[in-house]
Amino acid sequence: IYRQVLGGAMGSSFTLTLANIFMWKWQKELVRRQDMTGEFYGR
Numbered sequence: 001i002y003r004q005v006l007g008g009a010m011g012s013s014f015t016l017t018l019a020n021i022f023m024w025k026w027q028k029e030l031v032r033r034q035d036m037t038g039e040f041y042g043r
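So the sequence shown is residues 1 to 43, counted in UniProt numbering.
Right under this line is the structure:
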């Protein structure tokens, strides 16, 4: 079992920020598509 205590998986504190930016961009497009089809996405 591995427990992440500090920082990101790659060792950089900026890793989590980059991951959040990527997810924000990906989710924005997903939500836009689901809006058009009447679907729902929750996280």
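Ideal Cβ positions, reconstructed from N, Cα and C, are used throughout, including at glycine.
Bear in mind that the values here come from a model prediction, so they are computed numbers and not experimental data.
Reduced DSSP category for residue i - H, G, I as helix; E, B as strand; rest coil
| i | result |
| --- | --- |
| R3 | coil |
| F22 | helix |
| E29 | helix |
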